[in-house]
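So for the sequence shown, our numbering puts the first residue at 3; every next one is plus one.
Where a beta carbon is used, it is the ideal one built from N, C-alpha and C, also for glycine.
Notes follow the structure.
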Amino acid sequence: MPDDVTAVLIDLDGVLYVEEEPVEGAVAAVGRLRAARLALRFVTNTTAHARDQTLSKLVRLGFAVEENELMTPAALAVRYCRRRGHRRAVLLMNDDVKRDFAELEETADGAQAVIVGDLGSALGYDVLNRAFRQVMEGAELIALQKNRYWLRADGLSLDVGPVVAALEYATGQEAYVVGKPMRGFFAQVLEDLGVAPQSAVMVGDDIESDIGGALEAGLQAVLVRTGKFRENRVRASGIHPTAIIDSIAGLPGLLAR
């Protein structure tokens, strides 16, 4: 690792916790990173919970996180819609997450954007078909993220990516992806920090969205063997992390070398 790392971007699910269980040593590791005076940002692709719910969960599990330190794709999606002039949108996400889109008018017809997040078991043919029709009528397809799968307490589970891919295939339109691994996501976080890419490190369990995205954006990238980490996926990806560690508990020691 380079000696001039001044900022650390930390993924949540699979890195700090798995559902309601903190990863062993994660709380202490975050404390040690703060003690080392590193700037921290907690960056997530989760679209199953509203921003305030995610922040409350972090605090409940013992992580000291300030509101401005949490970066979610929903907030960046609202910024993007503002720039594009989108006011009316189909929101494919649960009601909790819709709170983060209060600036937009939710509509079933005449939408300027179809924004895809996590609907879980509420996703069905009728819901997907209504979104499909709005895109075919001219709405822009926007994905909060495009992860393939994530880790729940009961095992690996489909994420938002397969839903986005279905709409892309049916409509022939490529979605604008807001979250990781998009370069714009990392650029926005680094801009807020006032840090150059080479002075920042991303820590994640997803070889594509966390590690590949960070490397493409010019950051260092540390892969943890917790969460969704699978050795065969790493080998097949062709992506080479800056470092691989057992868990975030080992990160302070790695950065101190």
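Can you give the Cα-Cα distance for residue 202 and residue 39, rounded to whole angstroms? Walking along the sequence shown from the start, residue 202 turns up at place 200. Walking along the sequence shown from the start, residue 39 turns up at place 37. Whole-angstrom Cα-Cα distance: 13 Å.
Shortest alpha-carbon distance to residue 68 belongs to which of 45, 84 and 247? Working through the sequence shown from its first residue, we reach residue 68 at position 66. Selected option, being the one with the closest Cα: 45.
Boundaries of the beta strand (DSSP E) in which residue 225 is found, first to last residue: Here residue 225 is taken as the residue at index 223 of the sequence shown, counted from 1. 222 to 226 is the span of the beta strand (DSSP E), which, as asked, contains residue 225.
Could you please give the first and the last residue of the uninterrupted beta strand (DSSP E) stretch that includes residue 142? By one-based count along the sequence shown, residue 142 stands at place 140. Taken as a continuous stretch (DSSP letters only), the beta strand (DSSP E) holding residue 142 covers 142 to 145.
Rounded to whole angstroms, how far is the Cβ of residue 50 from the Cβ of residue 122, which I believe are closer than 8 Å? Mapped onto the sequence shown, residue 50 falls at position 48. Mapped onto the sequence shown, residue 122 falls at position 120. Indeed they touch by this definition, with Cβ atoms about 7 Å apart.
For the beta strand (DSSP E) holding residue 43, just list the boundary residues, first then last. Residue numbering aside, residue 43 sits at position 41 when the sequence shown is read from its first letter. That run of the beta strand (DSSP E) goes 41 to 45.
Give the single residue among 146, 208, 54 and 82 whose Cα lies nearest to the Cα of residue 71. Residue mapping note: residue 71 aligns to position 69 of the sequence shown, counting from 1. Nearest of 146, 208, 54 and 82 to residue 71, Cα basis: 54.
Helix, strand or coil: which one does DSSP assign to residue 241? Within the sequence shown, the letter at position 239 stands for residue 241. Note: residue 241 maps to coil in three-state DSSP.
For residue 249 and residue 226, which I take to be in contact (beta-carbon distance under 8 Å), what is that distance rounded to the nearest angstrom? The residue given as residue 249 occupies position 247 in the sequence shown. The residue given as residue 226 occupies position 224 in the sequence shown. Indeed they touch by this definition, with Cβ atoms about 5 Å apart.
Could you pull out every unbroken alpha helix (DSSP H) segment of at least 4 residues lying fully inside the segment 110 to 142, listed in chain order? 127 to 138
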